[in-house]
Amino acid sequence: MSCHALKVNDLSVWFETDSGRRQVVDHISFSINAGESTGLVGESGCGKTMTALAILGLLPTSGVGVSAASIEINGKDISSLNAAQRRAVLGRDIAMIFQQPGTALDPVFTIGHQISAVYRRHFGGSKKHLWQIMLDSLEAVGFSRAEKIASAYPHQLSGGMRQLAMIAMATVCNPVVIIADESTTALDNSTKSLILKQLERLQLQHKTAILLISHDLAMVRQSCRNVLVMYCGRLLERTDCQSLYSHAQHPYSAGLLSCIPQVSANRPPRISAIPGQVPSATDLPSGCHFAPRCIRVKPQCQQSVPHFDSEDDRAVACFRPLS
Amino acid sequence: MSTPTPPTKPPLLEVRNLSLSFHQQEQVAIDRVSFSITAGSTLGLVGASGAGKSSIARAIMRLIKPDSGEILFKGKNIFMMNSQQMMATRQRMQLVFQEPFTSLSPRRTIEQSLLEPLQHFAIGDTNSRQEKTRQIIQTVGLDHDVLRRYPHQLSSGQQQRIAIARALITSPDLLIADEAVASLDVSIQAQIIQLIQSLQEELGITLLFISHDLAVIRQIANDVAVMYQGQLLEQSPADTFFSKPNHPYSKTLLSFTNNKAPTSLPVENWRLDRGRTTAETTSNCVFARSCQVKMPICDQLEPASHQIQYRNQHPLGPHYVKCHLYEEVNTNDT
Amino acid sequence: MMGGAWRRLKSDRYGMTGLFIVIVFSMVAVCVWSGLLGQGWSDVSGNRWESVSTTHWFGTNLLGQDILQRTLFGTATAFEVGLLVTFCSTLLGTVMGALAGWYSHGWLDEVILWLKGVLDSIPFYLFAAAVAFALQGIPWAMHLAMIITFWTTTARIIRGEVMRIKQREFIEAARAIGLPSIKIIFRHVLPNTFHVLLVQASIVFVAAINTEVILSFLGLGIQDGVSWGLMLAESSQEVLAGHFGNFVAAGTSLFVLLMGFNLLADALQDALDSRRATA
Amino acid sequence: MSVPYITSRLLYGIPLMLGVTFISFLLMVHFGPDKTYELIGKNPTEEQINEVRQSLGYDQPFLLRYGNYVKELLTLDLGLSDSSGEPVSSILIKTLPISLALVLPGFVLGNLLGMALGLLAAWYRGKWLDKLVMSASVVGMSVSFLVIIISLQILLCTPYGLNLFPVRGWQVHGLGSYFYYVTVPTLALVLVTLGYNTRFYRAIMADEIERDHIRTLRAYGAGPAELLFKHVLKNSLIPVLTRIMFSVPFVVVSGSLLLESYFGIPGIGLVTFNAITSGDQPILKAVVGLTGVLFVLALTINDMLYSVVDPRVSKS
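Residue numbers (this note's numbering), protein chains in the order written: chain A, 1 to 323; chain B, 1001 to 1334; chain C, 2001 to 2279; chain D, 3001 to 3316.
Structure, rendered in structure tokens:
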């Protein structure tokens, strides 16, 4: 455990607005081991995507502030790199798969060109060699006629195929970490699970660490070993998937789980919901941000922020956790 | 457990042999679809995107014109109605959309949006209309002060509640919800599902609930209809469907939901999220290309929709499957 | 919604400067129209090419007319041209654009697009010359030429907006209760194009004033009265001889007013941006 | 690019050409001034009038006259100029090269500079450089073409300024004299178009830089040069091409009209200007009709280029 594939230490992101600072990621720390998948779950607007973009250093430079003690990939800190050094890492050591397969690829270049350009940028090589590497990566994600896909433009492929091509692009340099940000949200259930299967298979092969960002707990349960629950920019719970689903400790995690409708042969029990809605980042409640929506709230919750132990395997930020 | 609906009760909505192609895109949207909904029940229409679910909703609302087929509302064909009858019918059926924000006119207050249907159908006077908007706002679980606001000042959950309120304000008999919870966050989605469930109980409203998500359908629907590339492949009571789906596509859908997807299939053969073009032949089964239990006949002959007969089990309603596998069973049985 | 836009506009320094300039100039125009200013524009009140003095702040021209009076009167002419052309072409463009967008890909749309294509294919100054040629002696030839050519841009923008808005679910919701097209267009579609129209109108205004100058120089512009364009045309003969009165007065007024409108248009665009309004 | 696509584009151009020629016919021939009385002497007889009207073709039916006009344009048999008596086609052939030599440098420079400044402003969006470029372009947009010409003339061509270039005229014999006469008009053209061009290109490029696929490229380690010159530029080619095509008539025709009449340069612009002031109908109707037809042709070619530039176009 001395060297994590990805180790994020004390990461914060905020927007500078006319009305002051809007904290969107609030001092979070976590790590992922090689070959493991960790899910980052929470409702939209709670800072998941900001976390991912901050790790890669892709946030705009004006109006946005980022600070981190360190962001390590295989023990190497990338948070202090300059622009050119960072570019050498992006795509080679850490790759990202985005949400919208329709727009994430350049419409005027072929799939093959875009994938091989990633490899060429980091390793170079002859045209023939690049072409072969690119075909291999397309075949690895399950395309049987890779050449045909390689010469196609993005608009000629369906959404699922484009996302697979994106996975081929993410894996072509065999990175240490892949961040998948709501990568299957825009797709159908059926396509979604096929794509997850492919991703899992590649992960097993290459021992890649995956940070799977999603609002879909059912999906995270299927494909992740560990899970981080995020709410209003803070981590509320970290645990392994099995224990989260059997006995979640944070009331928010438990609430989220009860929101998911289940498919079962017998008529399922009525769904239960968390009351209220996610507060806006300009108007965060003091103390525990979840307190106003929490059924187990006590006076202390509105005054002070519960501690979150960033070192432990299992941690929960709550004054009254569930057993 | 819902009581079995007596077969003599006339359906509120009946769709017969409905077909529709988008000629510009050469897409088959709806291909000879027939189904019916009895008053007070909920039909869950499930299928991948591009399967033609939304087109059916829009055809029922007469927003698009189908090529052929009939839609009967309370026994009357809506395409044969004169404008007066159509006006009365439109008041009796309403639609809720997927995107809450774009469902509401951005430069009109919530109150203006809610009053519009009442004014258009000339229901009540000014006072009673305002009273009605207050009532309906409460019904969907919001405070009166949202009435003065504009859509962009509300959260997506609140917007969707308003969209539902606008649909309910004319007290319709039929509510069509087209992916009404698909774009919402899990906790908001759960709240809206709860709201729909309580509306079903309190108002006894008939619901056509369209979704790609079987888990959501399971929560809300009494009956399930499965669409694939414009065709209806299976229709059965929900309890039967989820315990024992019959059509291979239904089984695939359920296995995807439980993440038991096959990985051996070359990805080019996934045609699950694509529609069918008008050029493609219909002389075979539409699912044949992706079917795991395909027989030679599936490539040659389009199966007919057959009603499954039950001997021992108590039927909750009719059960139709459009698959050659069940044709044989059926012919053997009769 | 409009309240928020006004608040954003108020906090925009450049935009407020622009608005101030436009208001000052339009007040001058109103004063000219009501007979308070610039009435002596055609009187010969001095000798030819008098230089700057307390009686003639900008000197006099070739005929001994006071340049200040002429500049003030020119302001009113600029607003006449601007307002008339902007109003007519925006109205025409909105109607055509809304029809084309609502019935997009229908025959009406095709006809409007064709008409727009034809008008866009004839270079503008040549078109103005042709119109002037056809309507010899009619003083409104210039205005007419501008209106006929300027509506096409507005129509294109409105058509695009209407096509975009038409896809929205709230339009389907309105159609689902059986609201007639005309009501939907006026109640739900056009109010949502208002912000685009406002910006486009201020751009047309700038184009109209700018074009008047060129057309006046080419002899196709204002027939009676005086305009900044006529003054500049006059000055092109004088500057070589060292008489800068006309050039400085008309050129500066023109620049300041156009600048004011450009700043205002930019600020309006930012303030009315729907993406910012929804955020 | 497929054959049916080319054909469909060409077919689309035909109604446009008919429309353009029809409108110029309507304005300049049908509603145009009646020249009968200019050509005949005092106290004409009925017969004389009819004779002249017949020779001018005024007695022919509307559609036939329109047909003749289209035929004139197609065969370039455009008749004789009213004022000089020279064939219109030979006047045009003589003056066209001068106009092109006059406006092309300014047109190209204005677009290139605008593109460079737009790209720069878009890349530093929201920073001081962007604000500077944008403020300067608003100033540029607010100055009238005529004011720019007069100012440049004062500054560069008169004793009140630097007095480096000729006040007017066009005595070009070689490269040196070409630069001597072309510099001031070129500067004027660049200055008047630069503000609009810069804003336009910035808007296009800023949109492209915000695209999802640019973020993807960043996430995969692409540097600014690759982003801007390979992906942003190629993706923005369609609006850029359209812009250039659409600005050709404005800059080339209107620019030469104003510059040549102001500086007394004997190009098509000056010929047209003189035709406008003297009411020389044969020249005007030829110029208006031909530029319209040429513009439609350019647009058709432009549409065809789309499908070369963007793989999505030929499909839809």
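Cβ atoms here follow ideal geometry from the backbone N, Cα and C, with glycine treated the same way.
Because the structure is a prediction, the values reported are computed rather than measured.
- Only residues of its own chain outside the window of five on either side were considered, and among them Tyr3160, Gly3161 have a CB closer than 7 Å to the CB of Ile3154 of chain D, listed in chain order.
- Against Asp3212 of chain D, the close residues of chain A are Phe98, Gln100, Thr103, Ala104, in the order they occur along the chain (beta-carbon pairs closer than 7 Å).
- Using beta-carbon distances, Val118 of chain A counts as an interface residue toward chain D, with a partner under 8 Å.
- Contact annotation: Val3251 of chain D and Leu3152 of chain D have beta-carbon atoms that are not nearer than 8 Å.
- By the criterion of a C-beta distance shorter than 8 Å, Pro107 of chain A is surrounded in its chain by Tyr153, Pro154, His155, once the five residues flanking it on both sides are discounted.
- Proximity of chain C to Pro3249 of chain D at the Cβ level (cut-off 7 Å) is accounted for by Pro2123, in chain order.
- With contacts defined by Cβ atoms closer than 8 Å, Gly3079 of chain D and Asn3068 of chain D do not form a contacting pair.
- What Glu1099 of chain B touches in chain C, judged by beta-carbon distance under 7 Å, is Glu2169, going in chain order.
- Taking C-beta atoms under 8 Å as the contact rule, Glu3260 of chain D and Leu3102 of chain D qualify, at a distance of about 7 Å.
- Here Phe2150 of chain C is buried. Its C-beta has 16 or more other C-beta atoms within 10 Å.
- The beta carbons of Thr3193 of chain D and Val3253 of chain D sit no closer together than 8 Å.
- When CB distances to chain D are screened at a threshold of 9 Å, not a single residue of the segment 202 to 213 of chain A falls below it.
- A Cβ-Cβ contact shorter than 8 Å links Thr1257 of chain B with Ala1215 of chain B.
- In this chain, Ala1182 of chain B is not harboured by any beta strand (DSSP E), its DSSP state being neither H nor E.
- When DSSP states are grouped into helix, strand and coil, Arg2159 of chain C belongs to the helix group.
- Cα atoms of Gly276 of chain A and Pro292 of chain A: separation of roughly 8 Å, rounded to the nearest angstrom.
- Restricting attention to alpha helix (DSSP H) runs no shorter than 4 residues, the segment 69 to 97 of chain A encloses them at 83 to 89, ordered along the chain.
- With contacts defined by Cβ atoms closer than 8 Å, Val2226 of chain C and Thr2077 of chain C form a contacting pair.
- Pairing Ser1055 of chain B with Leu1020 of chain B gives a Cβ-Cβ distance under 8 Å.
- Within the segment 1182 to 1208 of chain B, those residues whose Cβ lies closer than 8 Å to any Cβ of chain A are, in chain order, Asp1185, Val1186, Ser1187, Ile1188, Gln1189, Ala1190, Gln1191, Ile1193, Gln1194, Gln1197.
- Residues Ala34, Gly35 of the same chain have their beta carbon placed closer than 8 Å to that of Lys207 of chain A, with the five preceding and five following residues left out of the count.
- In the three-state DSSP reduction, Phe3107 of chain D falls in the helix class (H, G or I).
- Scanning chain A for C-beta atoms nearer than 8 Å to the C-beta of Asp3310 of chain D yields Pro107, Val108, reported in chain order.
- At the C-beta level, Ile149 of chain A and Leu199 of chain A stay beyond 8 Å of one another.
- In the three-state DSSP reduction, Pro306 of chain A falls in the coil class, being neither helix nor strand.
- Straight across, the Cα-Cα distance linking Gly2101 of chain C with Arg2164 of chain C is about 9 Å.
- When the Cα atoms are used, Ser37 of chain A and Asp283 of chain A turn out to be separated by approximately 33 Å.
- When Cβ-Cβ separations below 8 Å define contact, Trp2114 of chain C makes contact with chain D.
- At a cut-off of 8 Å, the C-beta of Asn2246 of chain C has no neighbouring C-beta in chain B.
- Using beta-carbon distances, Ala1288 of chain B does not count as an interface residue toward chain A, since no partner is under 8 Å.
- Between Leu257 of chain A and Ser193 of chain A, the alpha-carbon positions lie close to 20 Å from each other.
- The DSSP-derived three-state label of Pro3015 of chain D is helix.
- Assigned with DSSP and collapsed to three states, Gln262 of chain A falls in coil, not helix or strand.
- For the pair Arg120 of chain A and Gly91 of chain A, the CB atoms are not nearer than the 8 Å cut-off.
- Leaving aside the five residues that flank Thr191 of chain A on each side, the residues in its chain whose CB is nearer than 6 Å to its CB run, in chain order, Gly160.
- Within the same chain, and ignoring the five residues on either side of Pro3087 of chain D in sequence, the residues whose Cβ sits closer than 8 Å to its Cβ are Leu3078, Gly3079, Leu3080, Ser3081.
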